[in-house]
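Novice: Below are the structure tokens for one structure; questions will follow.
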Amino acid sequence: MEDKLSKPYNPAETEARIYKKWEDSGYFNPDVCIEKGVTGATAPTFSVVLPPPNVTGRLHLGHALEHSLQDTAVRFERMRGKRTVWIPGTDHAAIATQSRFEKELQKESGKSRHDFPRDEFFNMINEFGLKNQQDMLGQMRLLGSSLDWSREAFTLDKERSLAVRTAFKKMYDEGLIYRGFRVVNWDPKGQTTIADDEIVYEEREAKLYTFKYSKDFPISISTTRPETKVGDTAVAVNPKDARYQEYIGKTYEIKDFCGVSLNIKIVADDSVEPEFGTGALGVTPAHSQIDADMATRHDLPTVQVINEFAKMTVGDERILGKKTTEAREAIVTWLSEQGLLEKEEVIKQNVSTAERTGGIVEPLPKLQWFINVNKAIPSKNNKTLKELMRGPISSREVTILPDHFEKIYFNWIDNLRDWCISRQIIYGHQIPVWYRNDEIYCGIEAPEDPGFKQDPDTLDTWFSSGLWTFSTLGWPKKTIDLETYHPTTFMNPGYEILFFWVARMVMMSEYLLGVIPFKTVYLHGIVRDAKGKKFSKSAKNGIEPEEVIKQFGTDALRMSMIVGIGPGNDLSFDIQKVKAYSKFANKLWNITRFTLDNTKDLDLNKNNTLVSEDIAIWKNVEALIQKITTDMESYKFYLAAEDLYHYIWHEFADKIIEESKLLLQGVDIAISNSRKKLLRDILATSLKLLHPFMPFITEELWSILPRGQGESEILMIEKWPH
RNA sequence: GGGCGAUUAGCUCAGUUGGUAGAGCAAUCCGUUUACACCGGAAAGGUCGGGGGUUCAAGUCCCUCAUCGCCCACCA
């Protein structure tokens with residue numbers, strides 16, 4: 126017997142060695158599996174593309190969860206003989222990475238993006254991102270992930286950049302991408318626009334002021350932002366509101382509203398709630414999304430009064446050039462001096478903040494690029510992008526697990542507006558549009574004619590992410606990979622990016638390729654701390670996956686992330702649970718020791734027959750194989766893992782092995798030989814079934830186990846039992 | 001305001017098509033029997049949030065109430 130079995134299992138000295146063995150074998154790559162005859166050249170495929178983590182930092186426990194699930198699925202299907210590929214990659218994460226980098230740069234050197242030329246600054250951020258990327262790729266290996274490293278991709282590399290430009294041009298040519306002067310979400314802190322879904326609302330207390338523009342003005346209005354009122358061009362009331370009927374359609378000139386003159390038209394609009402405040406709403410078309418829509422309906426002029434730095438651009442010394450918050454005070458002071466202020470009350474309000482920078486969002490009219498989600502597309506039977514997103518989910522061509530997320534998905538699509546895709550940051554794919562005087566050129570490559578200048582904006586990071594399932598397989602080139610592995614089989618993102626990402630992948634794949642991007646979306650939850658709180662930097666409750674691995678081993682961590690956690694469920698991370706599975710690893714280690722100790726003289730190549738008691742036990746094993754296989758086929762890893770744990774510990778070890786101690790000492794050769802074969806076979810089967818979940822220890826034990834004819838040297842490619 | 005969930009043993013959660021409740025951890029008692037003390041054995045613990053309904057039968061299906069949570073909208 127091997128010496129190492131005489132000591133308790135030590136994952137720390139095992140895992141790196143085993144991972145290297147796998148990597149050296151080349152079997153992560155399906156082409157190698159085919160070449161070496163492990164996998165049939167025409168076997169069914171199983172393809173997974175890793176949701177690329179942002180190159181902003183390091184992997185956390187959420188990534189560990191994601192990798193555990195995907196690697197389990199991938200190893201299972203590989204053992205079942207499918208042509209299995211799992212593609213690794215990382216996401217440049219545009220704003221997230223740039224703002225993280227800028228924060229560090231500011232802290233270290235006091236410098237900002239304005240101190241560097243564009244190219245140089247881009248390279249600095251990229252270097253920062255690529256350094257993080259290398260760390261993360263190393264972490265993925267620690268997690269045991271059987272990723273095909275030969276196919277690694279990055280959302281900002283050369284191939285993906287070509288995919289982005291190709292997609293952009295096609296959408297531009299078909300009129301789906303357009304440039305528009307619109308009120309967008311401006312992040313003054315990050316100095317860029319952001320998409321609707323990059324806004325995070327924070328509840329705060331705010332003051333609601335009620336006042337009139339002037340003594341002569343007939344209607345009082347309420348607002349939490351008096352400073353924006355210098356940009357008002359209308360007052361809207363509900364058409365059914367009896368109080369205001371006589372004013373509808375009239376225009377009032379206000380000569381002096383804190384030093385600004387206003388022209389206010391009274392309009393009737395159904396969206397105004399008569400019950401709220403005075404039932405009249407001051408309309409600021411330049412600085413409110415809602416008001417902008419109203420302005421379009423009533424053909425109202427737009428007056429911008431706040432700039433990109435959230436400072437006032439009109440008025441006299443009281444407000445001009447002041448921050449919005451300072452201008453607000455000045456105007457409130459002026460209102461009360463004039464006797465115009467009628468009421469001041471404290472209300473709760475949701476403030477829009479930018480997800481990545483925390484800056485307070487200032488709606489501003491800007492010239493930006495949008496994707497039209499409501500335009501009928503001739504090449505798609507006049508379907509809209511919204512319909513393309515909806516179709517495969519409602520037809521169940523794409524299955525979402527758990528299925529109640531389908532409803533959430535539809536609810537989101539129904540409320541969807543055009544997607545603002547341009548960002549005023551440097552790190553990302555620059556928009557493939559060039560200008561010369563009045564000419565606009567959109568192309569995959571820069572125009573050859575001289576004098577063209579490229580649009581300085583970059584694309585929302587989710588634009589490139591949307592292409593991920595096929596850009597990683599070589600699109601727009603017609604590659605064998607693309608033909609073989611797309612649509613992909615399994616996609617495993619967190620539910621929090623269902624809209625950001627899953628919907629966009631469906632949209633892009635349906636639009637550009639005319640097929641679904643994946644067959645099954647298995648949504649996982651959020652990893653929280655033992656008390657159910659979200660991990661966050663400010664709460665300082667973060668746990669490094671490495672620390673857990675160092676203490677208990679990757680296999681134990683993986684099991685703790687899988688057992689008992691259904692799709693879509695958050696999990697409370699409990700180190701006790703990891704500890705429990707590290708004990709299980711040791712148990713398996715000792716089961717192997719006992720079995721090998723007691724089956725030394727078993728000849729695997731001889732046909733040993735089982736006695737009837739042992740046949741009955743083996744029938745149970747076969748039933749277990751059945752159940753595990755069925756559960757795994759329907760992605761119920763959480764059940765399969767628990768059943769395996771239970772069988773191996775409480776049936777195999779507690780009952781079968783205990784009972785064997787007597788039988789093996791008995792004089793009846795038939796009985797003891799039968800039992801030896803049984804023990805060895807149950808052990809081998811257990812290792813195979815458990816391998817997708819606990820790859821390291823099972824591979825290590827497999828290498829010690831005497832193997833029979835037809836059994837592979839490496840467990841990772843051993844045939845799944847049936 | 002609109003939508004989606006959750007409520008099962010002290011804790012974390014399973015429970016697939018309806019057939020009188022399960023697992024891990026923790027806690028209790030006993031045990032050092034040469035695979036393992038990172039162990040074994042035993043016992044304990046739940047009127048499945050409340051109420052109503054359908055059914056021969058409901059944790060599971062329907063209605064309703066309560067509490068908690070998440071997503072979207074953003075009331076100006």
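Residue numbers (the numbering used here): 126 to 847.
Note that the Cβ used here is the ideal one computed from N, Cα and C, for glycine as well.
1. Thinking C-alpha only, which one of Thr427, Ser520, Ala405, Thr403 is nearest glutamine 862?
2. Leaving aside the five residues before and after tryptophan 827 along the sequence, list all residues of the same chain whose C-beta is less than 7 Å from its C-beta, in chain order.
3. Let me know the secondary structure DSSP gives proline 488 once reduced to three states.
4. Roughly how many angstroms separate the alpha carbons of methionine 126 and serine 172, rounded to a whole number?
5. Just curious, the beta strand (DSSP E) that methionine 616 is in, first and last residue?
6. Sorted by chain position, which residues of the same chain lie with C-beta nearer than 6 Å to glycine 599's C-beta, five sequence neighbours on each side aside?
7. Determine whether the beta carbon atoms of threonine 583 and tyrosine 552 lie at a separation below 8 Å.
8. Serine 634 to phenylalanine 279, Cα distance in whole Å?
9. Do lysine 332 and valine 471 have their C-beta atoms closer together than 8 Å?
10. What separation, rounded to the nearest whole angstrom, lies between the Cα atoms of glycine 568 and arginine 183?
11. CB of proline 176 to nearest heavy atom of the ligand GTP: below 7 Å?
12. Between the beta-carbon of glycine 693 and the beta-carbon of leucine 648, is there less than 8 Å?
13. If I'm right that lysine 146 touches threonine 318 with Cβ under 8 Å, what's the distance once you round it to whole angstroms?
14. What does a CB cutoff of less than 6 Å around proline 133 pick up in its chain, not counting 5 residues either side in sequence?
15. Alpha carbon to alpha carbon, how far is histidine 185 from glycine 269? Give it in angstroms, no decimals.
16. Which residue or residues does DSSP assign as beta-bridge partners of alanine 405?
17. Do you know offhand how far aspartate 298's Cα is from phenylalanine 595's?
18. Any contact of the segment 220-228 with the segment 757-777, i.e. 3+ C-beta pairs under 8 Å?
19. I need the boundaries of the beta strand (DSSP E) containing glycine 305, first residue and last residue.
20. CB phenylalanine 762 to CB isoleucine 687, shorter than 8 Å?
21. Exposed or buried, alanine 848, counting other C-beta atoms within 10 Å across all chains shown (16 or more means buried)?
22. Is the beta carbon of lysine 656 closer than 8 Å to that of leucine 727?
23. Taking Cβ to Cβ, would you say lysine 390 is nearer than 8 Å to leucine 425?
24. Where glycine 464 and asparagine 388 are concerned, what is the direct C-alpha to C-alpha distance, given to the nearest angstrom?
25. Look at the Cβ atom of serine 697, then the Cβ atom of arginine 653, and state whether they are nearer than 8 Å.
26. Hey, which unbroken runs of the alpha helix (DSSP H) at 4 residues or more fall wholly within the segment 382-439?
27. Is the distance from the Cβ of methionine 437 to the Cβ of alanine 417 below 8 Å?
28. The alpha helix (DSSP H) that contains glutamate 671, what's its start and end?
29. Going by the beta-carbon positions, is the gap between methionine 514 and valine 646 smaller than 8 Å?
30. Just to confirm the assignment: which complete beta strand (DSSP E) runs, minimum length 3, are found wholly within the segment 727-788?
31. From the DSSP output, read off the bridge partner residues of histidine 649.
32. Could you tell me which of Gly619, Tyr620, Asp695, Leu301 sits nearest to serine 504, measuring between CA atoms?
33. In this structure, how does DSSP classify lysine 659 when only helix, strand and coil are distinguished?
34. Rounded to the nearest angstrom, what separates aspartate 381 and serine 461 at their Cα positions?
35. Please classify glycine 440 as buried or exposed, where buried requires at least 16 neighbouring CB atoms within 10 angstroms.
Specialist: Once the coordinates are examined:
1. The question about residue 862 has no answer, for the chain in this structure spans 126 to 847.
2. Leu812, Leu840
3. strand
4. Low confidence applies to methionine 126: its pLDDT is 46, below 50, so where it sits in the model is not reliable enough to give any reading.
5. 613-616
6. Asp606, Leu607
7. yes
8. 18 Å
9. yes
10. 36 Å
11. As far as ligands go, the structure on display features none, and thus does not contain the ligand GTP.
12. yes
13. Their Cβ separation, rounded to whole angstroms, is 49 Å, which puts lysine 146 and threonine 318 out of contact at 8 Å.
14. Asn711
15. 15 Å
16. Val362
17. 21 Å
18. no
19. 302-312
20. yes
21. With the chain covering only 126 through 847, there is no way to say anything about residue 848.
22. no
23. yes
24. 21 Å
25. yes
26. 414-423
27. no
28. 670-677
29. no
30. none
31. Gly619
32. Leu301
33. strand
34. 15 Å
35. buried
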